[in-house]
Each structure stands twice: as C-alpha cells, then as structure tokens.
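Scroll down for the structure; my scribbles are underneath it.
Protein chains in written order, with the working numbering: chain W, 65 to 316; chain X, 27 to 315.
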C-alpha cells in the first residue's frame, strides 16, 4: 500500500510578484486520504489546483520545481493537460453542476472524451452515481435538471461526474463547506469509501473533518508547509507549537 | 415607536419616491404622445394595397411595397455579414484572447466604434465599398455598410452575454478533461447564446431604421420595382420616410403616406424587438428548466 502517487519536490508558485507556495516538498500515497489544513489564504486551494494545473487558467502565474504523478512531471512542457485532468479529477468548493439533466451531468466527462455508445454510457452513468451514493435518490428522475437537487445531492453529483471518467486521483476543495451537517456526514462517508480505489486530496477548514476522514494531514501556513504526518499524530502529538495552536483553535 | 408620516425621514422618502415616479411619468408621456401622433395620422392610410403596391404618380399615390421589401433585404444582408463575424469576434475576445494591453486596446476601440455617428459609416461605406471595391451604389454596399455599423454592437452585446456565464461552468468542464474548445461549445455557448442573440437582434432593429449609412451607398429615391440582384439599388423605409417628409415636391399632399411609412417602420422594429424577447424566453426555458 505504501506507494507514492504524487511527489511534490521543491515546488514554488507565484502569482504576479507574490509567492503563494514556498518550497513545498511532499509525498502523497496511493489509496490514502490526505487532508490539507491551514488558515485562510495560506495557499491550500492554490496547492490543490496545482495538482491538476487548474491554475494555468489564471494569467500571470508561474511555477518552479516539480510535481510528479506516477513518476511523470506534470509541469513538463509537452504534457497534455487534458489527459492530466482526466487522470486527476476535481470537486469544487461550491457544488457546480452544469445546468443540464442529472444524466447529462454524470455523462458529460464521458461524452467529451468520445464515448458515444448509448448503452455503455447509461451503464457507466449508473455505476458512477452508485459509487457516489446518489443512485437510489435519483434513479427515477435522471432527466430532471440538476439544479432541482439539494446542495448535498448536487455535490455528490459533482463527485459522480468526476468518478465517471475513472480518474486515479481526486482533488476536493472544501467540498462540504456549502453543505449542512447531514449532507456533510454523507459526503465524508463517501470519501472514506472511495479511498479504497482512489487517491484523495482534500482541502478543509474543518479540523474535525480532517481528523475523521484523513490518513495524512498537511498543515500549511503562509504558503509554507509547516508540518505533515499521520493524522493521528498531527492531532495528538504535533511537533511544532504553531500546529498545536492552530489545531486547538487558538488562532486561524 | 409610533409611525409618523411627517417625520423628516419619512418625508424625505415620500418626496424621493414621488420625484422618481414623476421622471417615469414624463418618459411614458412622451412615448404615448409620439405613438398617438403616428398612429392617429398614419393608421388611416394603412391598407392591403398600401402594403403591397409600389408608389404611383410621382409618389403621391400608391403604396410602399418596394420600401418594405428593400428594408427586409438590406436587413437580411446586414445579418449575414455582421452576426457570424461579430459573435465569432466576441467569443475570441472573451474566451481566447490573452488579457494583454493589445486586447484591451482592441476592446476599447470596439466600444468607441459603437458610438461613431451613422453618417460617418455612410461616408466610409461610400469610400470603401462603393468606390474602392467598385461595388457601385447597391444593395450589397448598403448591407455591408450597415453590417459594419452593427458589428460593434453585436460584439459588445455578445461579450457581455459571455461574461455572464459563471466561471464554474468553464472550470467544471475543464476539470473533467475537456479542451477549451469543448468547454466553450458545450458549456459556455448554450447559456450565452440567448443573450448574444437578443443583443444582436436589438442591434439589427436599430440598423433597420437607419438612414444615413444607406443614403449614399444604395438606397434609391424612387424605384417602382424590386431589386433583383445584389447590385441593384433599392428603396428602404427610413429613407422613404425622409424623402416623404422633407424632400417631396407636394409635401403636404403626401403627409399621410409619410405617417403610414413611419407607422410601418415602427411596427417592423417593434416586431424585431418582440422576436428578441420571445427568442430569449424560449431559449432560457429550454436550458434552465
């Protein structure tokens, strides 16, 4: 099980003149949930978005160092970002279903990647909705607009949408921040379940959430990696004082 | 805690609202007066014959059929020329163009172009299409000139529509491995198109009512027949109205025809605007249910 999936080496990220990530080095293991915590503006989301190069969309950004996924540097010049994003799926902070039917949402990634066979499409949509623990709630209304779903259901649909194209890594950017406690509990249960098959990196503001669901916790502050290690250890015996202060809620 | 309508705060509010209501009333009143004037003086002459026959006897009798058809043709040409070009340009500017000084300069120039007086476009049309391209004064030259004039409106309206599509639609699809082109085609355009079309149709309605750009480029004073090719001259409603109300030798005698023409032009523009509203409503319903 101890296989490195993502290897971040001396990674720096600049937005204009400002350096948002400083010298980050980190290994992310296969089939583990890695949670990234830290105060607002510490670079958590930026770091996450570096892993599937979503920051490419923002102008005047610059990176240094390497991020290897399965040994391939994703910042190599001739790398196809489209293939990278197929392999590294993402779930956003706010549920962002497309204004299409539930079925079309789940099928979107498959369709744009060229799957045309209707039966196979239906089969894969069903499977991904089942994997996202949503199938039971939507199987009779697949043609309804996704906006008719509740916030929690929408977010699980976004998970299903990401799962459909069979990624290997799933990035989640505070996926529960817009959800109520019951929807959050369901999503957390889903995440724990999903780690059997995927490598999951989740950014969260919620300390209990990180403690509940993650195997490894990474603490970032002002763009620097302060401390990382097994979640059980970070939350019980943090090495650095600042980590302890943050975790116990004395600041942040 | 008792409500007293004469406290300073409430008086200010009452006064404020009445002032705003007055402003709106004045605008509505002006509209009503204009419409009433044109309807009451123009409605009498409208008949099937007026709409379907050519002018006769030095334009003192007969209808305005060639002008209706001419305006229709020139508007169609304007559409063919400016809509695909304008929408394409807007998509490029908003989705692909890097946010550089050059892009901003181009965008600013386009915004400014939409404020250039139509007579300037008319003269430019003469210089470019009629003379340089040697098209002569004809339907095509007028259509192209009007097209040039509508381009900035189409581009600006389309860009605004594209801007209103949430970023999350774009990011969501890119994160699923879509190329930028796929993301635009499947996840941006469907939601921007209603707005793009509405803005475009409003621009075309304005173009249909313009006189100056067609004045020197192709509109004819009096033609008792319809244009048969792109290189023919044509009659157009706004130009006909201009002639009938200021240039005709028997100006008082043809006044009803002028009012009738004005009425037809207004109805035409109204229908175009109405179609924009209906189209937007239908498309929105299709995508947002």
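Even glycine gets a Cβ: it sits at the ideal position worked out from N, Cα and C. Here the structure is a predicted model, which is why all the values come from computation and not from measurement.
Within its chain, find whatever has a CB closer than 6 Å to the CB of residue i; leave out the 5 residues flanking it on each side and keep chain order.
| i | result |
| --- | --- |
| residue 274 (chain W) | 99, 101, 268 and 281 |
| residue 229 (chain X) | 176, 179 and 180 |
| residue 71 (chain W) | 91 and 132 |
| residue 283 (chain X) | 270 |
| residue 266 (chain W) | 99 and 236 |
| residue 58 (chain X) | none |
| residue 73 (chain W) | 89, 129 and 130 |
Tell me whether residue i is buried or exposed, calling it buried when 16 or more other Cβ atoms sit within 10 Å of its Cβ.
| i | result |
| --- | --- |
| residue 184 (chain X) | buried |
| residue 172 (chain W) | buried |
| residue 114 (chain W) | buried |
| residue 110 (chain X) | exposed |
| residue 27 (chain X) | exposed |
| residue 115 (chain X) | buried |
| residue 272 (chain W) | exposed |
| residue 37 (chain X) | exposed |
| residue 92 (chain W) | buried |
| residue 370 (chain X) | Examination of residue 370 (chain X) is not possible in this model, given that chain X is present from 27 through 315 alone. |
| residue 213 (chain X) | buried |
| residue 258 (chain X) | buried |
| residue 168 (chain W) | buried |
| residue 210 (chain W) | buried |
| residue 274 (chain X) | buried |
| residue 154 (chain W) | buried |
| residue 84 (chain X) | exposed |
| residue 301 (chain W) | exposed |
| residue 216 (chain W) | buried |
| residue 225 (chain X) | buried |
| residue 45 (chain X) | exposed |
| residue 153 (chain X) | exposed |
| residue 246 (chain W) | exposed |
| residue 222 (chain W) | buried |
| residue 189 (chain X) | exposed |
If I measure Cβ to Cβ from residue i and keep anything under 7 Å in the same chain, skipping five residues before and after, which residues do I get?
| i | result |
| --- | --- |
| residue 139 (chain W) | 127, 130 and 131 |
| residue 106 (chain W) | 284, 285, 286 and 287 |
| residue 148 (chain X) | 171, 238, 239, 241, 242 and 243 |
| residue 289 (chain X) | 64, 65, 68, 69 and 72 |
| residue 144 (chain X) | 175, 236, 238 and 239 |
| residue 95 (chain W) | 65, 259, 260 and 263 |
| residue 76 (chain X) | 89, 90 and 286 |
| residue 52 (chain X) | none |
| residue 226 (chain W) | 153, 154, 155 and 234 |
Contact defined as beta carbons within less than 8 Å: I believe residue i pairs with residue j. What is the distance between those atoms, to the nearest angstrom?
| i | j | result |
| --- | --- | --- |
| residue 255 (chain W) | residue 152 (chain W) | Incorrect: roughly 16 Å between the Cβ atoms, too far for contact. |
| residue 261 (chain X) | residue 287 (chain X) | Their Cβ separation, rounded to whole angstroms, is 10 Å, which puts residue 261 (chain X) and residue 287 (chain X) out of contact at 8 Å. |
| residue 234 (chain X) | residue 265 (chain X) | So it is not a contact: roughly 12 Å between Cβ atoms. |
| residue 82 (chain W) | residue 170 (chain W) | Between residue 170 (chain W) and residue 82 (chain W) the Cβ distance is about 38 Å, and since that is not below 8 Å, they are no contact. |
| residue 100 (chain X) | residue 165 (chain X) | 6 Å |
| residue 148 (chain W) | residue 116 (chain W) | 6 Å |
| residue 303 (chain X) | residue 86 (chain X) | Actually they do not touch by this definition, with Cβ atoms about 38 Å apart. |
| residue 80 (chain X) | residue 250 (chain X) | 4 Å |
| residue 309 (chain X) | residue 192 (chain X) | No, residue 309 (chain X) and residue 192 (chain X) are not in contact; Cβ-Cβ is about 17 Å, not under 8 Å. |
| residue 206 (chain W) | residue 166 (chain W) | 5 Å |
| residue 307 (chain W) | residue 291 (chain W) | 5 Å |
| residue 182 (chain X) | residue 140 (chain X) | 6 Å |
Excluding the five sequence neighbours on either side, which residues of its own chain have a C-beta within less than 8 Å of the C-beta of residue i, listed in chain order?
| i | result |
| --- | --- |
| residue 220 (chain W) | 196, 197, 198, 250, 251 and 254 |
| residue 177 (chain W) | 150 and 229 |
| residue 78 (chain X) | 89 and 91 |
| residue 227 (chain X) | 298, 299, 301, 302 and 305 |
| residue 156 (chain W) | 222, 237 and 239 |
| residue 242 (chain W) | 157, 158, 159, 215 and 219 |
(message) List, from N- to C-terminal side, the alpha helix (DSSP H) runs of 4 residues or more that fit wholly inside the stretch 128-193 of chain W.
(response) You should have 145-151 and 166-176.
(request) Using a Cβ-Cβ cut-off of less than 9 Å, list which residues of the stretch 65-90 of chain X approach chain W; keep chain order. (result) Cβ contacts with chain W come from no residue of the stretch 65-90 of chain X.
(message) So within the stretch 220-298 of chain X, which uninterrupted alpha helix (DSSP H) runs reach at least 4 residues, ignoring any that extend past its ends?
(response) For secondary structure counted as the alpha helix (DSSP H) over 4 or more consecutive residues, the stretch 220-298 of chain X holds these complete runs in sequence order: 238-241 and 263-268.
(request) Determine which residues of the stretch 184-198 of chain X have a Cβ less than 7 Å from any Cβ of chain W, and write them out in chain order. (result) If the cut-off is 7 Å between Cβ atoms, the stretch 184-198 of chain X has 194, 195, 197 and 198 near chain W.
(request) For the stretch 106-123 of chain W, enumerate the residues whose C-beta is nearer than 8 Å to any C-beta of chain X, in chain order. (result) So the list reads 116, 118, 121 and 123, given in the order they occur along the chain.
(request) Would you list, in chain order, the members of the stretch 177-192 of chain W that have their beta-carbon closer than 7 Å to a beta-carbon of chain X? (result) Flagged, chain order: 177.
(request) Quick one: which residues of the stretch 120-142 of chain X get their C-beta closer than 8 Å to a C-beta of chain W? List them in chain order. (result) Under the 8 Å Cβ criterion, the stretch 120-142 of chain X contributes 124 and 125.
(message) Closer than 7 Å between beta carbons: that is the criterion. Which residues of the stretch 284-300 of chain W meet it against chain X?
(response) Taken residue by residue, none of the stretch 284-300 of chain W has a beta-carbon sitting less than 7 Å from a beta-carbon on chain X.
(message) In chain order, what are the residue ranges of uninterrupted beta strand (DSSP E) at least 3 long that sit wholly in the stretch 196-284 of chain W?
(response) 233-237 and 263-267, all fully within the stretch 196-284 of chain W.
(request) Name, going along the chain, the residues of the stretch 141-157 of chain W whose beta-carbon falls closer than 9 Å to a beta-carbon of chain X. (result) The stretch 141-157 of chain W vs chain X, Cβ under 9 Å: 145, 146, 147, 148, 149, 150, 151, 152, 153, 154, 155 and 156.
(message) Please give the ranges of any alpha helix (DSSP H) in the stretch 180-214 of chain X, keeping only runs that are unbroken, at least 4 residues long and fully inside the region.
(response) If we require 4 residues or more, the alpha helix (DSSP H) runs fully inside the stretch 180-214 of chain X come out as 193-200 and 206-209.
(request) Quick one: which residues of the stretch 215-226 of chain X get their C-beta closer than 7 Å to a C-beta of chain W? List them in chain order. (result) Of all residues in the stretch 215-226 of chain X, those with a C-beta nearer than 7 Å to a C-beta of chain W are 217, reading in chain order.
(request) Give, in chain order, every unbroken run of the alpha helix (DSSP H) that is at least 4 residues long and sits entirely within the stretch 67-125 of chain W. (result) Here the runs fully enclosed are 108-114.
(request) Using a Cβ-Cβ cut-off of less than 9 Å, list which residues of the stretch 240-261 of chain X approach chain W; keep chain order. (result) Of all residues in the stretch 240-261 of chain X, none has a C-beta nearer than 9 Å to a C-beta of chain W.
(message) Please identify, using Cβ separations under 7 Å, the residues of the stretch 234-250 of chain W that lie next to chain X, in order along the chain.
(response) Per Cβ criterion, the list is empty.
(request) Jot down the residue ranges of each uninterrupted alpha helix (DSSP H) in the stretch 109-163 of chain X, minimum 4 residues, whole runs only, in chain order. (result) Listed in chain order, the alpha helix (DSSP H) runs fully inside the stretch 109-163 of chain X are 127-139 and 144-151, counting runs of at least 4 residues.
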